[in-house]
Amino acid sequence: MLHDHTTFVDYELPRLTPLAPNLVGASFFLMKLLPARFMLDQAERSGKLKPGGRICETTSGTFGLALAMLSAVRGYHLTLVSDNALDSTLQYRLCDLGAHLEIVERPGATGGFQQARLDRVNDYLAQYPDAFCPRQYENPDNPRAYASVAELITERLGNIDTLIGTVGSGGSMSGLARMLRLSNPDLKVIGIDTPASVVFGQKDGPRALRGLGNSLMPKNVDHCQFDEVHWVTAAEAYQATRELHRTHALFQGGTSGAAFMVARWWAAHKPEQKSVVIFPDEGNRYTSTIYNDTYLQAMEGWSDRLLEAPLTVTDPSCHIYRWSRHNWNRRSLGGEPHV
Ligand SMILES: Cc1ncc(COP(=O)(O)O)c(C=O)c1O
């Protein structure tokens, strides 16, 4: 019998699907439900969020949807600031869930749209001084929320050798890596980013692949957790998303495709290693883009063939135009050991 009508218990944890003898996919319906619920629980407990209060946050999609779902069932007012990359289907959904949504039209002079969105959130916070801002990019409750996923992986699969997943706020991969390494310090962690995202040292620029990557450096990225970094383009990620659907019948979003492409390559080259790959959201939001052949064929860089292997780059700030990898070696962004 389920009693708590203010959480989405069965939606928070991933389903585990074997993809190869040594590779398991952990697919979420909407991964961000977990950190969003955890952050709201903590804010309610500490008194930062009062019954019937207001939440303000910047979002490029899934975190906003998770907050809107939770705000609808918990009775909070929600103000979200996003940009034009937010597709109209999701915009309608957020509004239907009762969120007030503002779309920022122009990037900031520095920090791109991310900075412009943060500036607007700060305006709202000045207007509503009692509002709670989850700040998913820096709130330590974001990575902490993933303890239950680490437990599920360990319970079901025992110690694994490699964890592979995308990095946006850094919450999921940094949190999972820290927790899994408590019992397994030798765990290898592979993070996936996209060209022109600053997260692992690229120069900021326009990015077609959303959800992963960032134009500002999120505090929740714990660089010292990452052994290896891959950069995947939008066209490659979308092609791989379709491949994941065709070959494993998993209907996921574009960042899942990016993770799948890297994980498949890794698992084929490391047959002795047991790997888990994280798939952050399901595919319904992308039916008119990733799952639409006409849309794909018009994309810049589109190719019908999926690359078999990445290029290895020694300088993470170099120009990256196709799937590439770099030996990050658990160093901090500046190259120093993590403290
Ligand atoms: C679809 C999707 N994939 C991947 C990520 C990256 O997850 P994280 O923010 O935990 O690094 C996000 C983050 O918003 C996302 O929305």
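Heads up: take any position in the sequence shown, counting from 1, add 872, and you land on the working numbering.
Cβ coordinates follow ideal geometry from the N, Cα and C atoms, glycine included.
It should be emphasised that the depicted structure is a prediction, and the values quoted were computed from it without experimental measurement.
- In whole angstroms, what is the alpha-carbon distance linking A1131 and S1044? As a first step, residue 1131 is located in the sequence shown; it is residue number 259 there, counting from the start. As a first step, residue 1044 is located in the sequence shown; it is residue number 172 there, counting from the start. Rounded to the nearest angstrom, the two C-alpha atoms are 13 Å apart.
- Say whether the region 1128-1144 touches the region 1106-1119, bearing in mind that this needs 3 or more beta-carbon pairs closer than 8 Å, one atom from each stretch. yes
- Going by the CB atoms, is the gap between R1202 and D1099 shorter than 9 Å? Translated into the one-based positions of the sequence shown, residue 1099 becomes position 227. Translated into the one-based positions of the sequence shown, residue 1202 becomes position 330. Going by C-beta atoms, D1099 is nearer than 9 Å to R1202.
- If you follow the beta strand (DSSP E) that F935 is part of, which residue opens it and which one closes it? Reading the sequence shown from its first residue, position 63 is the one you call residue 935. Per DSSP, F935 belongs to no beta strand (DSSP E); it is in the alpha helix (DSSP H), 934-946.
- Task: Tell me, to the nearest whole angstrom, how far the beta carbon of E884 is from that of R909; I am working on the premise that it is less than 8 Å.
- Result: In the sequence shown, the residue the question calls residue 884 occupies position 12. In the sequence shown, the residue the question calls residue 909 occupies position 37. The pair is a contact, with the Cβ atoms about 7 Å apart (cut-off 8 Å).
- Any idea what DSSP makes of I1192, helix, strand or coil? Sequence index remark: in the sequence shown, residue 1192 carries index 320 (1-based). Coil at I1192, not helix or strand.
- Report the option in I1025, L1205, E1180, S1175 whose CA atom is closest to the CA atom of S1189. Here residue 1189 refers to the residue found at position 317 when the sequence shown is read from its first residue. Among I1025, L1205, E1180, S1175, the Cα nearest to that of S1189 is on L1205.
- Does the separation of the CB atoms of Q914 and D1033 fall below 9 Å? Indexing the sequence shown from 1 puts residue 914 at position 42. Indexing the sequence shown from 1 puts residue 1033 at position 161. In this structure, D1033 does not lie closer than 9 Å to Q914 by Cβ.
- Task: Go ahead and pull the three-state DSSP assignment for A1019.
- Result: On the sequence shown, residue 1019 is found 147 positions in, with the first residue counted as 1. If DSSP states are grouped into helix, strand and coil, A1019 belongs with the helices.
- Beta-ladder partner(s) of E974, from DSSP: What you label residue 974 is simply residue 102 of the sequence shown in a count that begins at 1. Beta-bridge pairing links E974 to V953.
- Segments of 4+ residues assigned as alpha helix (DSSP H) that fall wholly inside the region 886-921: 905-918
- Item | Spatially closest choice to L1081 from M1171, A898, A944, by CA coordinates | Taking the first residue of the sequence shown as 1, we reach residue 1081 at position 209. The option with the nearest alpha carbon to L1081 is M1171.
- Using 10 angstroms around the beta-carbon of Y1193, count the other beta-carbons present and answer buried if the total reaches 16, otherwise exposed. The residue labelled residue 1193 in the question sits at position 321 within the sequence shown. That one is exposed.
- Message: Output needed for G983: all residues of its chain with C-beta closer than 7 Å, excluding positions within five of it in sequence on either side, in chain order.
- Response: As a working mapping, residue 983 is identified with position 111 in the sequence shown. Contacts found: S1087, L1088.
- Query: Okay, do the region 884-900 and the region 1139-1148 touch, 3+ Cβ pairs below 8 Å being the bar?
  - Reply: yes
- Report back the beta-carbon spacing between P1182 and W1174 to the nearest angstrom; my notes put them in contact at under 8 Å. By 1-based counting over the sequence shown, the position of residue 1182 is 310. By 1-based counting over the sequence shown, the position of residue 1174 is 302. Their Cβ separation, rounded to whole angstroms, is 19 Å, which puts P1182 and W1174 out of contact at 8 Å.
- beta-carbon K1091 near ligand 1 non-hydrogen atom, thresh 8 Å: As a working note, residue 1091 is residue 219 in the sequence shown. For ligand 1, not one heavy atom lies less than 8 Å from the Cβ of K1091.
- Message: ligand 1 and V1039: does any heavy atom of the ligand fall closer than 8 Å to the residue's C-beta?
- Response: Position 167 of the sequence shown, counting from 1, holds the residue named residue 1039. For ligand 1, at least one heavy atom lies less than 8 Å from the Cβ of V1039.
- Would you please verify whether the beta carbon of D1033 is less than 9 Å from any beta carbon of chain B? Of the chains in the structure shown, none is chain B; there is only one protein chain.
- Measure the C-alpha to C-alpha separation of R926 and E1154 and round it to an integer number of angstroms. Working through the sequence shown from its first residue, we reach residue 926 at position 54. Working through the sequence shown from its first residue, we reach residue 1154 at position 282. About 28 Å.
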